[in-house]
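Each remark here refers to the structure printed beneath this line.
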Amino acid sequence: MFYQLFDVWQGWKLLVIGTSSVEDKILESMSLLNIFNVHLNVPNLKPSDMKQVLEEIEVFDPAEIDDAVTAVRKEIPTKRLLMLIETAAQGGDKGVSDHQEYGGNQEYKGHQEHEGKEKIKLDYFYEGLHGINI
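In the UniProt record's numbering, the protein residues as written are 1 to 134.
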């Protein structure tokens, strides 16, 4: 993760945050790494970390959290775990296609379930895992 604070206009400040999964060498060769004031390496989530995240955000039934973590089977970036959760909250592949069908202008049921603190169906999480080959 990278961030840079810029003085933009009349005392207003702009904070730019970027994330990337590419190696620092690639960013250096593109002269992007030295643009940012701070560079933080965020390690991949281990299974114990994933379990803690899933317990904290309370999107799955507590009895299903271990099954979700076991299904991942390896360390993954935080960003990818959050993407999987959001996909599952949208109703898996069905939620995504429903959203596209309505031109992206309508909230879809899975997202509302997530926001309303209803638990996400573990099957939708499994669909997301299958979709990104984890």
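Even glycine gets a Cβ: it sits at the ideal position worked out from N, Cα and C. Please read these numbers as outputs of a predicted model, since none were measured by experiment.
Check                                                                                                                                                                      : Outcome
Considering only residues of the same chain and omitting the five flanking positions on each side of Asp66, which have a CB-CB separation below 8 Å?                       : Lys51
Drop a sphere of 10 angstroms on the beta-carbon of Thr87, count the other beta-carbons inside from all chains shown, and report buried for 16 or more, exposed for fewer. : buried
If the criterion is Cβ atoms closer than 8 Å, does the pair Val42 and Thr70 meet it?                                                                                       : no
What's the C-alpha gap between Asn44 and Leu82?                                                                                                                            : 12 Å
Under DSSP, the beta strand (DSSP E) around Leu15 begins and ends at which residues?                                                                                       : 12 to 18
Below 8 Å on the Cβ atoms is my guess for Phe36 versus Ile120; work out the distance and round it to an integer in Å.                                                      : With a Cβ gap of about 34 Å, Phe36 and Ile120 do not count as contacting.
If you draw a straight line from the alpha carbon of Gln90 to that of Leu33, how long is it in whole angstroms?                                                            : 34 Å
Can you look up residue 149 in the DSSP assignment and give me helix, strand or coil?                                                                                      : Outside the modelled stretch of the chain, which goes from 1 to 134, sits residue 149, for which no answer is possible.
Note down the Cα distance separating residue 210 from Leu54, rounded to an integer number of angstroms.                                                                    : Residue 210 cannot be examined here, being either before or after the span of the chain that is shown, 1 to 134.
Within 10 Å of its beta-carbon, does Ala68 have 16 or more other beta-carbons around it, so buried, or fewer, so exposed?                                                  : buried
Just verifying my parser: in three-state terms, what is the DSSP assignment at Val38?                                                                                      : strand
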